[in-house]
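Asks: Questions regarding the structure given below will be posed in turn.
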Amino acid sequence: MKAYYTKFVARTAILLALCLVVQQFKTLSQFITGPLVNLILIIAALAVGLWSGVIIAVLSPVAAFLITPSPVLRLVPQLIIMIMFGNVLIVLFTWLFREKKLWIGLAIGSVLKAGALTLSLHFIIFPFFGDVLKEPQRIALSAMFSYNQLITAAIGSLICVLIWPRLKKTPSFVLHK
9 MKAYYTKFVA RTAILLALCL VVQQFKTLSQ FITGPLVNLI LIIAALAVGL WSGVIIAVLS
69 PVAAFLITPS PVLRLVPQLI IMIMFGNVLI VLFTWLFREK KLWIGLAIGS VLKAGALTLS
129 LHFIIFPFFG DVLKEPQRIA LSAMFSYNQL ITAAIGSLIC VLIWPRLKKT PSFVLHK
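So for the sequence shown, my numbering puts the first residue at 9; every next one is plus one.
Listed below in structure tokens is the structure:
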């Protein structure tokens, strides 16, 4: 059992580090970093387990903020909590559908992630914390945390559907108790 936990911690740490490296390229495009971050979250849930995915889903936005915060996150750091929640949703539905019909779990997780981010932005962030944002920032955030999230989650999910069948056959890639 000790070997299992050692592997769990090591693999989770490696995937978290990879996620943080990918997030350093966020200035390139949300459509490059977003799918890769979602892919890492999904792979963590599938290869290491639910709690690995949840740990990365929660820690990666915080670590990214501490390392290289975006100007908008500096103004409204409460966005981090909604990002965590959206990430946990895609991880959870990936894990729930991991054995059968993975693509359904990925689709549900992607839609729920984008929906949760959109709703929390418009019903929590803007009404309670939005006074520090100018109109162009609100418009940009609305795009970043709505359909863009759906697109990036869908792309990450599609990449997973393409590579997961091979990855899961790789000896010792998937962690088993």
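We treat Cβ as the ideally placed atom computed from N, Cα and C, and that holds for glycine. Every value quoted in this text rests on a predicted model; they were computed, and no experiment measured them.
Look at the alpha carbon of G117 and the alpha carbon of D139, and state the distance between them as a whole number of angstroms.
Replies: If I take the Cα positions, the gap works out to 31 Å.
Asks: In chain order, which continuous runs of the alpha helix (DSSP H) of length 4 or greater are located wholly inside the region 98-132?
Replies: With a minimum length of 4 residues, the continuous alpha helix (DSSP H) runs that stay inside the region 98-132 are 110-128.
Asks: Between L83 and L125, how many whole angstroms is the CB-CB distance? I'm expecting something under 8 Å.
Replies: The Cβ separation is near 17 Å, so there is no contact.
Asks: Return yes when the Cβ of L24 is within less than 7 Å of the Cβ of L67, no when it is not.
Replies: Cβ distance < 7 Å, so L67 and L24 count as in contact.
Asks: Taking L81 and L87 to be in contact with their CB atoms under 8 Å, please state how far apart those CB atoms are, rounded to whole angstroms.
Replies: That pair is a contact at about 6 Å.
Asks: Within the continuous alpha helix (DSSP H) that includes A137, where are the two ends?
Replies: Note on residue identity: the sequence assigns Phe, not Ala, to residue 137. Here the alpha helix (DSSP H) through F137 covers 134-137.
Asks: Report the option in L36, V182, P69 whose CA atom is closest to the CA atom of F93.
Replies: Closest option to F93, Cα to Cα, is P69.
Asks: Measuring straight from C-alpha to C-alpha, what distance separates P85 and C27?
Replies: Cα to Cα, P85 sits roughly 20 Å from C27.
Asks: Express the C-alpha separation of Q32 and P77 in angstroms, rounding to a whole number.
Replies: Roughly 10 Å between the two C-alpha positions.
Asks: Report the CB separation of L149 from K121 in whole angstroms; it is logged as a contact under 8 Å.
Replies: Contact flag wrong, Cβ pair sits at about 16 Å.
Asks: Tell me the rounded alpha-carbon separation between M9 and K108.
Replies: Taking the straight line joining both Cα atoms gives about 27 Å.
Asks: Between the Cα of L127 and the Cα atoms of I64, Q38, Y155, L110, which residue gives the shortest distance?
Replies: Checking every option, the nearest Cα to that of L127 belongs to Y155.
Asks: Return the chain-ordered ranges of every alpha helix (DSSP H) run that is complete within the region 27-64 and spans a minimum of 4 residues.
Replies: You should have 38-51.
Asks: Keeping to the same chain, check which residues put their C-beta closer than 8 Å to that of H130; ignore five residues upstream and five downstream.
Replies: Excluding positions up to five away in sequence, the list reads S150.
Asks: Which two residues bound the contiguous alpha helix (DSSP H) that contains S200?
Replies: The chain is shown only over 9 to 185; residue 200 falls outside these bounds and no answer can be derived.
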